[in-house]
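So the structure is just underneath, and the comments pick up after that.
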Amino acid sequence: LTGGPGVGKTTTIRALLDTLDAQHISYALAAPTGRAAKRMAEATGRPARTLHRLLEFQPKSNDFAYNEHRPLPHQFVIVDEASMLDVLLAYRLVKALSPLTHLLLVGDADQLPSVGPGSVFADIIKSEAIPRVRLTELFRQARESSIVVTAHGLQAGVTPSLQSKPTSDFFFLRSESPVAAQQLITDLVARRLPAHYGFDPIRDIQVLAPMYRGAAGVVALNEVLQARLNPTSASLSIAYGDQTFRVGDKVMAVHNNYDKGPGGVFNGDLGRVVKVEQETHQVWVEFVDEAGTFTVAYESHELDELALAYACSIHRAQGSEYPCVVLPLVSQHHLMLQRNLLYTAITRARHLCILVGDPRALQRAVENNAVAGRNTALSQRLLEPALLKLP
-8 LTGGPGVGKT
2 TTIRALLDTL
12 DAQHISYALA
22 APTGRAAKRM
32 AEATGRPART
42 LHRLLEFQPK
52 SNDFAYNEHR
62 PLPHQFVIVD
72 EASMLDVLLA
82 YRLVKALSPL
92 THLLLVGDAD
102 QLPSVGPGSV
112 FADIIKSEAI
122 PRVRLTELFR
132 QARESSIVVT
142 AHGLQAGVTP
152 SLQSKPTSDF
162 FFLRSESPVA
172 AQQLITDLVA
182 RRLPAHYGFD
192 PIRDIQVLAP
202 MYRGAAGVVA
212 LNEVLQARLN
222 PTSASLSIAY
232 GDQTFRVGDK
242 VMAVHNNYDK
252 GPGGVFNGDL
262 GRVVKVEQET
272 HQVWVEFVDE
282 AGTFTVAYES
292 HELDELALAY
302 ACSIHRAQGS
312 EYPCVVLPLV
322 SQHHLMLQRN
332 LLYTAITRAR
342 HLCILVGDPR
352 ALQRAVENNA
362 VAGRNTALSQ
372 RLLEPALLKL
382 P
C-alpha cells in the first residue's frame, strides 16, 4: 500500500484493523524505527513496535528469536514506513513469517530509499509481482493543507509557489546567501516561530538540511542553534571531538545500540541530554519510544554514537514527523538538491513547513528528478516463477 501524504493510508490501516478485530484475527503492527512505531501507535490507537522488538533481537548472539524455525505467531503483520526497510531487515522479517501469515507493507515509494542496502519497497512495487495499491486521491481535509498540496505537486514536477497566505502552513523565505540563511533560520527557530505559533524551539521545531557542510549545513546550524537555545555552562558540559554536549541539548543517536534502554536505541532516535558527568565523561540521554520515556547512559567511548540534533540531515529524518520543519535551500548544496530529497523533507512537517534560501536552488531541486541508482535485482527475482510458489 503506497501513496503520498493525505491520501488515506492511515485511514485504510485503521479500517483493516477494525475488520481484523471483528474477525478475531491476530495481528502485529511494526515499523523500522522507534519514532515511526510510536507514530503508528498514535495514529491507529493500537500498540506498535520496532521490527527489532517484534522479531526479538538478541544482542549477545546478534540474531533474532523469531526466524524460519520459530515463526511469528500472528496471522497478519503490518509494517509502516516500509520505504525505510533495507534488504537485511526485510529478509529477516520475511524469514520469520509462516506461509499462512499475511504481510502488508505500507509506505511512500516516492521518498528516499533506505539508509541501508537495497530498495526493497520500491522494487516490490516496480516488479508488479505482488498485489499493490497506490492511493492517489487527496481527502478534502488534506487539500486544505499547502504542505500536502505542495508535496503532491512536487511529484508532478510543479515548483512550489513563493507566495503564501498568512494562514498557510507552507512558506518560502528568500535569503541572499548561506550565511544570511543561517541567520534567518536561527532567528526563526529561537524567536519568531515560538512567539507566533507557540512552538517549543527544541521539542517542536526541526531544522533539516540537505548537506553537512557550509554555513547552512547541519554542522554549522547545530553550532549556532546550540549557542542560541542552550548557551554554554562550563559545569554542565562535556567536549567530545568537535562537539560539546550540554544538559538540555537536543541530540540524536547516529548508531544502533541494542544494549541501551528496554529495547535498544536506534539510528535516528531523538533524545535530550539530562545529565553529564565531567569526571567520568558520561552523558545521560532521555529518549522516547513507542513504550514511553527511558534514560540511558553513554560512556566516554560511546559518545561518537550521539550527535547534536537541532539540525539534522534529511536522510536521518526518514520515518519521523515534526510539528514544524525548517529547511535551508541554498545553491551551495547543489550536489544534493534533488526532488525526492525535497519531497522527503517537506513531508516530515505536520503543521508548518518553511523553506529558507534561494529560489534558484528550489527550482533546481524540483527539476532534478534523477534518483541515485542502486544496483538491486529484487524486482527481477520476484518475477522468477519458482519464487512465487508456496511450499
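Its first residue numbered -8, the sequence shown is counted upward by one per residue in the numbering used here.
Even for Gly, the Cβ is constructed at its ideal location relative to N, Cα and C.
Beta-carbon proximity list for residue i, same chain, < 8 Å, skipping 5 on both sides
{"i": "Ser110", "result": "Pro104, Arg365, Thr367, Leu369"}
{"i": "Asp351", "result": "The displayed chain sequence assigns Arg, not Asp, to residue 351. So the list reads Ser322, once near-sequence residues are dropped."}
{"i": "Asp54", "result": "Phe48"}
Where the alpha helix (DSSP H) containing residue i begins and where it ends
{"i": "Gly255", "result": "Where Gly255 is concerned, there is no enclosing alpha helix (DSSP H), given that its DSSP letter is neither H nor E."}
{"i": "Ser370", "result": "369 to 373"}
{"i": "Gln14", "result": "From DSSP, Gln14 is part of no alpha helix (DSSP H); its letter is neither H nor E."}
{"i": "Gly(-3)", "result": "Note, Gly(-3): premise wrong, no alpha helix (DSSP H); not H, not E."}
{"i": "Ala34", "result": "25 to 35"}
{"i": "Val209", "result": "209 to 220"}
{"i": "Arg365", "result": "It is not in any alpha helix (DSSP H) - Arg365 carries neither H nor E in the DSSP assignment."}
Residue i to residue j span [Cα, whole Å]
{"i": "Ile4", "j": "Pro253", "result": "27 Å"}
{"i": "Ile176", "j": "Pro151", "result": "20 Å"}
{"i": "Asn248", "j": "Val287", "result": "11 Å"}
{"i": "Pro50", "j": "Ile229", "result": "29 Å"}
{"i": "Gln60", "j": "Pro201", "result": "The residue asked about is misnamed: residue 60 is His in this sequence, not Gln. When rounded, the distance between both Cα atoms is 43 Å."}
{"i": "Asn360", "j": "Arg330", "result": "5 Å"}
{"i": "Val210", "j": "Arg182", "result": "21 Å"}
{"i": "Ala302", "j": "Glu135", "result": "28 Å"}
{"i": "Lys156", "j": "Leu63", "result": "51 Å"}
{"i": "Arg123", "j": "Pro38", "result": "25 Å"}
{"i": "Arg219", "j": "Leu179", "result": "11 Å"}
{"i": "Tyr188", "j": "Leu164", "result": "17 Å"}
{"i": "Asn221", "j": "Ser52", "result": "40 Å"}
Cβ-Cβ separation, residue j to residue i (assumed contact under 8 Å), whole Å
{"i": "Gln146", "j": "Gly(-5)", "result": "6 Å"}
{"i": "Phe190", "j": "Cys315", "result": "5 Å"}
{"i": "Gly262", "j": "Glu277", "result": "6 Å"}
{"i": "Glu167", "j": "Val(-2)", "result": "Not really, about 37 Å apart at Cβ, beyond 8 Å."}
{"i": "Leu95", "j": "Leu(-8)", "result": "6 Å"}
Residues near residue i by beta carbon distance below 7 Å, same chain, minus five either side
{"i": "Ala34", "result": "Thr1"}
{"i": "His65", "result": "Ser17, Tyr18, Ala19, Thr92"}
{"i": "Ala142", "result": "Gly(-5), Pro(-4), Tyr334, Ile337, Thr338"}
Same chain, Cβ closer than 6 Å to residue i, neighbours up to 5 away in sequence not counted
{"i": "Gln102", "result": "Ser74, Thr335"}
{"i": "Leu41", "result": "For the record, residue 41 in the displayed sequence is Thr; it is not Leu. Gly25, Ala28."}
{"i": "Ala113", "result": "Ala100"}
{"i": "Ser291", "result": "His272"}
{"i": "Leu318", "result": "Leu199, Ala336, Leu346"}
Residue i - containing beta strand (DSSP E), residue span
{"i": "Ala200", "result": "196 to 200"}
{"i": "Val347", "result": "340 to 348"}
{"i": "Ile337", "result": "Counting along the chain, Ile337 falls outside any beta strand (DSSP E), though it belongs to the alpha helix (DSSP H) covering 330 to 337."}
{"i": "Tyr188", "result": "Unbroken run through Tyr188 is the alpha helix (DSSP H), 184 to 188; no beta strand (DSSP E)."}
{"i": "Arg44", "result": "Unbroken run through Arg44 is the alpha helix (DSSP H), 42 to 45; no beta strand (DSSP E)."}
{"i": "Tyr231", "result": "228 to 231"}
{"i": "Met243", "result": "241 to 244"}
{"i": "Gln234", "result": "234 to 237"}
**Inside the region 49 to 106 only - alpha helix (DSSP H) runs reaching at least 4 residues** = Those alpha helix (DSSP H) runs which fall completely within the region 49 to 106 and span 4+ residues are 78 to 86.
**Asked** Mind pulling the beta strand (DSSP E) runs of 3 or more residues that sit fully within the region 111 to 170?
**Response** Entirely contained in the region 111 to 170, the beta strand (DSSP E) runs reaching 3 residues are, in chain order, 161 to 165.
**Item:** Those runs of the beta strand (DSSP E) which lie wholly inside the region 268 to 317 and span at least 3 residues
**Value:** Within the region 268 to 317, the complete beta strand (DSSP E) segments at least 3 residues long are 273 to 280, 283 to 289, 297 to 299, 302 to 304, listed from N- to C-terminus.
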